[in-house]
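The block underneath contains the structure these notes are about, expressed in structure tokens.
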Amino acid sequence: MDPRFKVAHREALIGVVLAIVHFIWWFGFAYGLGSKPVEEYSYIFGFPDWFFYSCIIGFVLVAITVIILAKYVLKDVSLEEEGDEQ
Amino acid sequence: MNIQVIIPMILFLAIIFFIGFWSSKKLESSTGGFLQEYFLGGRELGGFVLAMTMVATYGSASSFLGGPGTAYTMGFGWVLLAMTQVVTGYFVLLVLGKKFAILARKYNAITLIDFLKVRYGNSKVVVLLAAASIIIFLFSAMTAQWVGGGRLIESLTGMQYTTALFIFAVSVLVYVVIGGFRAVAVTDAVQGGVMVIGTLVLLIAVIIAGGGVPNIMQDLLNENPRLITPYGNEGNLSAAYVSSFWILVGVGVVGLPQMAVRAMSYKNTRSMHRALVIGTLVTGFIMLNMHLIGIFARPVIPGIEVADTVIPLVALKILPAWLAGIVLAAPLAAIMSTVDSLLILVSSSIVKDVYINYINPNATEKKIKNLSFGVTTLLGTIVFLLALNPPELLIFLNLFAFGGLEAAFIWPVVLGLYWSYGNKYGAIASMITGIVSYIALHFYNEAYGNLFDIHTVVIPVILSLIAYVSFSLLINKTKYIF
Numbered sequence: 001m002d003p004r005f006k007v008a009h010r011e012a013l014i015g016v017v018l019a020i021v022h023f024i025w026w027f028g029f030a031y032g033l034g035s036k037p038v039e040e041y042s043y044i045f046g047f048p049d050w051f052f053y054s055c056i057i058g059f060v061l062v063a064i065t066v067i068i069l070a071k072y073v074l075k076d077v078s079l080e081e082e083g084d085e086q
Numbered sequence: 087m088n089i090q091v092i093i094p095m096i097l098f099l100a101i102i103f104f105i106g107f108w109s110s111k112k113l114e115s116s117t118g119g120f121l122q123e124y125f126l127g128g129r130e131l132g133g134f135v136l137a138m139t140m141v142a143t144y145g146s147a148s149s150f151l152g153g154p155g156t157a158y159t160m161g162f163g164w165v166l167l168a169m170t171q172v173v174t175g176y177f178v179l180l181v182l183g184k185k186f187a188i189l190a191r192k193y194n195a196i197t198l199i200d201f202l203k204v205r206y207g208n209s210k211v212v213v214l215l216a217a218a219s220i221i222i223f224l225f226s227a228m229t230a231q232w233v234g235g236g237r238l239i240e241s242l243t244g245m246q247y248t249t250a251l252f253i254f255a256v257s258v259l260v261y262v263v264i265g266g267f268r269a270v271a272v273t274d275a276v277q278g279g280v281m282v283i284g285t286l287v288l289l290i291a292v293i294i295a296g297g298g299v300p301n302i303m304q305d306l307l308n309e310n311p312r313l314i315t316p317y318g319n320e321g322n323l324s325a326a327y328v329s330s331f332w333i334l335v336g337v338g339v340v341g342l343p344q345m346a347v348r349a350m351s352y353k354n355t356r357s358m359h360r361a362l363v364i365g366t367l368v369t370g371f372i373m374l375n376m377h378l379i380g381i382f383a384r385p386v387i388p389g390i391e392v393a394d395t396v397i398p399l400v401a402l403k404i405l406p407a408w409l410a411g412i413v414l415a416a417p418l419a420a421i422m423s424t425v426d427s428l429l430i431l432v433s434s435s436i437v438k439d440v441y442i443n444y445i446n447p448n449a450t451e452k453k454i455k456n457l458s459f460g461v462t463t464l465l466g467t468i469v470f471l472l473a474l475n476p477p478e479l480l481i482f483l484n485l486f487a488f489g490g491l492e493a494a495f496i497w498p499v500v501l502g503l504y505w506s507y508g509n510k511y512g513a514i515a516s517m518i519t520g521i522v523s524y525i526a527l528h529f530y531n532e533a534y535g536n537l538f539d540i541h542t543v544v545i546p547v548i549l550s551l552i553a554y555v556s557f558s559l560l561i562n563k564t565k566y567i568f
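Chains as they are written, first to last, in my numbering: chain R, 1 to 86; chain W, 87 to 568.
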């Protein structure tokens, strides 16, 4: 197999795993904390806690993960045919 | 309507036109072949433009008008739902990823259908089925967006709908026809920038107008505590329903042709890595904040009935006129950047996938060039005429444009890339199953309420997966060598 495809397969898998972890984080905080009675909500910077963790912190963490991926994990490969400069 | 609101918009249109002319110059001086240049920008997109064109193509009227308007009514539950879209920022590029870009170059593919054609052994059925779905569904989606664009200009300027639509149509047509995909992508980058700035300005203004976030939250709590729960203002947003949007507006977006074609347009892997970061940040920023603006607007202007008017009304109320003009250029930019991408995509399907493949494979470069300009212009004109008084059929087809296309294309594209045993029988079965089951389930859900309490898209995506795998294994099972 083209060695570049090995890189590509690994990175596609990373995308799937990141989406699954992202979903669990999003779902867990939203419905874990959010299903309490409203009177028991606590507030962070004015936002209800479930929303703050699920959507705001969740987004920040995903963004940091993507930055780390792009900087250190994803590999540069040539997109052209090997030995073909077209 | 205040002239100060209109001036920023005219400026905005002037910049867009300038980019169109600049791109057409590039088109003339290019050496890479007209088709690749016109329909794919010569595969030269850098990271920033790639990210922005993906965000802007994806972000449409619903991200700036409909979505925030619904958040206004339903509260935080709808923002939670909207945040499922953050995943599109990284998922499309990571999953289609390098393999798609490498194979597209190897196959010399300019459209998504070129890729499917080579991958599925030059199957005429695959190509025509895919081209028909793209042309029919995206044509309808385009018309619906044009209506949105016309209505927005109408409401902001007080012009007649016909005049407003005409201005919108001419603006889009000029730069798309002369500049092609490059003009679409670069204007998308400007439009994306306008969307980000508009979002930021309006967010700050609405927080100030509402007296700070804790204050706004107290107002919402006093009005209806359910507004700050994940379950909607009437408690009818279930966890299953909201989660099913992870398919519709999250991971399923990978199957949308207008997104997939962008994943073959970038210059090198460095651009792709940059686009991943920028795309995720910008998508998240816009989705989170626009929908928050929708909710925060509630205590500031209570009692708005029509969801689409929430953002324009709030901007006009809390901002000075000239600033409101800049902010309201954002939804206009969002609509334009979606429409232009659909226009060039439908045009490429007609010219490249149908005409050159099956009608006249030996067409000269000059002929292709004239035809491409001609088809794009003609399409735009037809859409304009239809948008003047949209026929029922188009409104009907538009309902399936998003989810139906996802169900049709997701597996032929994704499994076509990563599963060696996928073949044309699987692809054909998957496309037909996806679209037919989507339409059928749509009617069922309309009549009896959502089956399993989830969005229509989920079951057809599962069914089309089953169809793809079983038909690939049952009929003519062969291992494809990439």
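Ideal Cβ placement from N, Cα and C applies to all residues, glycine included.
Values in this document were obtained by computation on a predicted structure and should not be read as measured data.
Taking residue i as part of the alpha helix (DSSP H), name the residues at either end of that continuous run.
{"i": "W/D426", "result": "407-434"}
{"i": "W/W232", "result": "225-243"}
{"i": "W/E492", "result": "478-504"}
{"i": "W/E123", "result": "120-126"}
{"i": "W/Y534", "result": "510-534"}
{"i": "W/D305", "result": "299-309"}
{"i": "W/K353", "result": "No alpha helix (DSSP H) contains W/K353, which DSSP labels as neither H nor E."}
{"i": "W/N456", "result": "451-474"}
{"i": "W/R205", "result": "198-205"}
{"i": "R/F45", "result": "Where R/F45 is concerned, there is no enclosing alpha helix (DSSP H), given that its DSSP letter is neither H nor E."}
{"i": "W/P154", "result": "153-160"}
{"i": "W/Q246", "result": "Note, W/Q246: premise wrong, no alpha helix (DSSP H); not H, not E."}
{"i": "W/L182", "result": "174-192"}
{"i": "W/L551", "result": "544-560"}
{"i": "W/P94", "result": "89-115"}
{"i": "R/E81", "result": "Element bounds for R/E81: n/a, residue is neither H nor E."}
{"i": "R/F27", "result": "3-34"}
For residue i, tell me which candidate among the options has the shortest Cα-Cα distance.
{"i": "W/I521", "options": "W/G502, W/I548, W/K510", "result": "W/I548"}
{"i": "W/L307", "options": "W/R384, W/T366, W/K438, W/I264", "result": "W/R384"}
{"i": "W/Q231", "options": "W/E492, W/G508, W/L480", "result": "W/L480"}
{"i": "W/S493", "options": "W/L483, W/Y524, W/I221", "result": "Strictly speaking, residue 493 of chain W in this sequence is Ala, with Ser absent from that position. Minimum Cα distance to W/A493 is reached at W/Y524."}
{"i": "W/G284", "options": "W/F223, W/T229, W/L418, W/I390", "result": "W/L418"}
{"i": "W/N375", "options": "W/F223, W/N443, W/L166, W/Y504", "result": "W/L166"}
{"i": "R/L18", "options": "R/S35, R/K75, R/V66", "result": "R/V66"}
{"i": "W/A591", "options": "W/L214, W/F134, W/F150", "result": "The question about residue 591 of chain W has no answer, for chain W in this structure spans 87 to 568."}
{"i": "W/R237", "options": "W/S226, W/F223, W/A255, W/I220", "result": "W/A255"}
{"i": "R/V16", "options": "W/S115, W/F150, W/G318, W/L182", "result": "W/L182"}
{"i": "W/S556", "options": "W/A533, W/T519, W/Y317", "result": "W/T519"}
{"i": "R/V103", "options": "W/I294, W/I421, W/V270, W/L362", "result": "Since the first and last residues shown for chain R are 1 and 86, residue 103 of chain R lies out of range."}
{"i": "W/P84", "options": "W/S458, W/A227, W/L428", "result": "Outside the modelled stretch of chain W, which goes from 87 to 568, sits residue 84 of chain W, for which no answer is possible."}
{"i": "W/E309", "options": "W/V386, W/L491, W/S357, W/L286", "result": "W/V386"}
{"i": "W/T229", "options": "W/D426, W/F495, W/M160", "result": "W/D426"}
{"i": "W/L97", "options": "W/L334, W/G106, W/G411, W/S109", "result": "W/G411"}
{"i": "R/K71", "options": "W/T355, W/V368, W/M245", "result": "W/T355"}
{"i": "R/Y41", "options": "W/P316, W/S241, W/L189", "result": "W/P316"}
{"i": "W/S558", "options": "W/A515, W/L334, W/G106", "result": "W/A515"}
{"i": "W/D394", "options": "W/A187, W/L560, W/V233, W/V91", "result": "W/V233"}
{"i": "W/G244", "options": "W/V91, W/I379, W/G336, W/A526", "result": "W/V91"}
Chain W contacts from the stretch 11-26 of chain R (Cβ-Cβ distance under 8 Å): E11, A12, I14, G15, V16, L18, A19, H22, F23, W26
Segment contact, 8 Å Cβ cut-off, at least three pairs: the stretch 171-187 of chain W with the stretch 16-26 of chain R: yes
Chain-ordered residues of the stretch 318-351 of chain W with a beta carbon less than 9 Å from chain R: A325, V328, S329, W332, G336, V337
Touching by the beta-carbon criterion (3+ pairs, under 8 Å), the stretch 397-415 of chain W and the stretch 196-211 of chain W: no
Chain R contacts from the stretch 184-211 of chain W (Cβ-Cβ distance under 8 Å): K184, K185, A187, I188, R191, K192
Residues, ordered as in the chain, of the stretch 59-72 of chain R that lie near chain W by beta-carbon distance below 9 Å: F59, V60, V62, A63, T65, V66, I67, L69, A70, K71
Short-range partners of chain R found in the stretch 365-393 of chain W, where Cβ spacing is below 8 Å: T366, L367, G370, L374
Three-pair Cβ contact test at 8 Å for the stretch 113-128 of chain W versus the stretch 182-197 of chain W: yes
Segment contact, 8 Å Cβ cut-off, at least three pairs: the stretch 273-288 of chain W with the stretch 142-152 of chain W: yes
Chain-ordered residues of the stretch 491-524 of chain W with a beta carbon less than 7 Å from chain B: Absent from the structure is chain B; the protein chains it does hold are R and W.
Touching by the beta-carbon criterion (3+ pairs, under 8 Å), the stretch 366-374 of chain W and the stretch 220-228 of chain W: no
Start-end ranges of the alpha helix (DSSP H) lying completely within the stretch 311-389 of chain W, minimum 4 residues: 325-331, 343-346, 355-386
Where the stretch 413-447 of chain W meets chain R: residues whose CB sits under 9 Å from a CB there: none
Contact between the stretch 97-111 of chain W and the stretch 247-266 of chain W (3+ Cβ pairs under 8 Å): yes
Short-range partners of chain R found in the stretch 459-477 of chain W, where Cβ spacing is below 8 Å: none
At least 3 beta-carbon pairs within less than 8 Å: the stretch 332-347 of chain W vs the stretch 482-499 of chain W: yes
Under 9 Å (Cβ pairs) to chain R, residues found in the stretch 218-246 of chain W: none
At least three beta-carbon pairs within less than 8 Å, the stretch 454-473 of chain W to the stretch 150-166 of chain W: no
The stretch 321-328 of chain W touching the stretch 481-490 of chain W, judged by at least three CB pairs closer than 8 Å: no
Three CB pairs or more closer than 8 Å across the stretch 445-458 of chain W and the stretch 290-301 of chain W: no
Three or more C-beta pairs below 8 Å linking the stretch 429-441 of chain W and the stretch 145-156 of chain W: no
Short-range partners of chain W found in the stretch 43-59 of chain R, where Cβ spacing is below 9 Å: Y43, F45, G46, F47, P48, W50, F51, S54, C55, I56, G58, F59
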